[in-house]
Amino acid sequence: MTVSITESVELHNGIKMPVLGLGVWKTKDGDEVINAVKSSIQAGYRSIDTAAAYGNEDGVGIGIKESGIAREELFITTKVWNASQGYDSTLQAFDESRKKLGLDVIDLYLIHWPVKGKYKDTWRAMEKLYKDGAVRAIGVSNFQVHHLEDVIKGSEIVPMVNQIELHPRLTQLELRSFCQSHKIQVEAWSPLMQGNLDIPVLAKLADKYNKSAAQIILRWGLQHGIVVIPKSINPKRIQENAAIFDFTLSAEDSALLDALNENHRFGPDPDNFNF
């Protein structure tokens with residue numbers, strides 16, 4: 000049972016990654032993201048997930064600096080955007096992200112989307128960054144099984160993380176099984192279904208455990224060994240999303256959530272994305 004916000008999973012290279020993080024997609028740069036980062040760190044979060052495409056790496060960097068927490072206690076993720084993919088351009092994009100964040104070393108660097116014809120060259124650049132010690136771990140985001148097979152074939156390093164849309168209405172069993180067999184940690188973006196929580200089963204379980212619908216879903220993810228990164232800018236909600244370590248869903252109740260799967264995406268489909 001995952002019992003503390005300080006708990007982590009061990010990636011296949013031995014690096015420890017917190018099981019809960021703050022996502023900052025669609026969080027405005029400046030005060031909004033600075034305050035969200037500081038609120039989350041104050042609430043006990045130690046992982047922050049951003050991306051070049053979010054346009055808020057500067058603010059995340061300021062929030063980290065103003066939090067007063069030692070850099071080595073934090074786990075910072077960012078991602079290379081589609082337009083920057085390719086070998087040389089990825090290395091350049093990484094330098095830009097690192098400067099904006101004000102960090103010498105990034106904990107996890109991800110390929111944001113599998114841009115056809117480019118992601119293999121991008122992955123070679125990621126391997127170089129990893130070998131050079133500029134990043135502690137490298138991975139991908141939104142990669143399907145066939146993308147992962149393609150990357151793994153002919154590469155020196157298997158991705159350490161695959162960050163995907165994942166929640167009870169999109170359980171991604173086949174992809175999760177593939178990742179598990181290759182020791183790739185699955186991380187869920189939009190774990191709270193972008194706020195679409197009005198589901199009778201969720202309401203029933205929230206009532207049973209005296210928790211919010213969001214807390215029930217996040218706990219479900221943790222119990223499946225999935226890293227979760229809910230997004231919020233509300234300090235109260237940020238704290239609420241972290242209060243998921245004092246209860247456990249029964250196997251039967253977890254199965255009720257598994258059964259909600261409809262392969263329904265709230266975000267884009269990686270195989271039909273306008274890159």
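End of the sequence shown sits at 274 in numbering that gives the first Met the number 0; the numbers just go up one at a time, nothing left out.
Glycine included, each C-beta is placed from N, C-alpha and C at the ideal position.
Remember, predicted model here, so these are calculated numbers, not experimental data.
Can you round the beta-carbon distance between residue i and residue j to whole angstroms, since I take them to be within the 8 angstroms contact cut?
i, j, result
"residue 47", "residue 75", "6 angstroms"
"residue 187", "residue 224", "Their Cβ separation, rounded to whole angstroms, is 11 angstroms, which puts residue 187 and residue 224 out of contact at 8 angstroms."
"residue 105", "residue 77", "6 angstroms"
"residue 270", "residue 143", "6 angstroms"
Under 8 angstroms between the Cβ atoms of residue i and residue j?
i, j, result
"residue 3", "residue 265", "no"
"residue 44", "residue 21", "yes"
"residue 125", "residue 12", "no"
"residue 19", "residue 242", "no"
Based on the DSSP output, what are the partners of residue i in its beta bridges?
i, result
"residue 197", "Per DSSP, none; premise fails for residue 197."
"residue 16", "8"
"residue 136", "107"
"residue 187", "163 and 227"
"residue 78", "109"
Near residue i, which residues of its chain fall below 6 angstroms by C-beta distance, leaving aside the five closest residues on each side in sequence?
i, result
"residue 230", "22 and 24"
"residue 260", "170"
"residue 234", "38"
"residue 94", "none"
Taking only the alpha-carbon atoms, compute the straight-line gap between residue i and residue j and give it to the nearest angstrom.
i, j, result
"residue 68", "residue 62", "10 angstroms"
"residue 176", "residue 190", "18 angstroms"
"residue 277", "residue 198", "This structure gives no information on residue 277, because the portion of the chain shown stretches from 0 to 274."
"residue 30", "residue 99", "15 angstroms"
"residue 113", "residue 196", "29 angstroms"
"residue 146", "residue 139", "10 angstroms"
"residue 26", "residue 213", "19 angstroms"
"residue 133", "residue 28", "24 angstroms"
"residue 157", "residue 173", "18 angstroms"
"residue 184", "residue 226", "8 angstroms"
"residue 42", "residue 79", "28 angstroms"
Here's a check: name, in chain order, each residue in its chain whose Cβ is nearer than 8 angstroms to the Cβ of residue i, leaving out the five neighbours to either side.
i, result
"residue 90", "124, 127 and 128"
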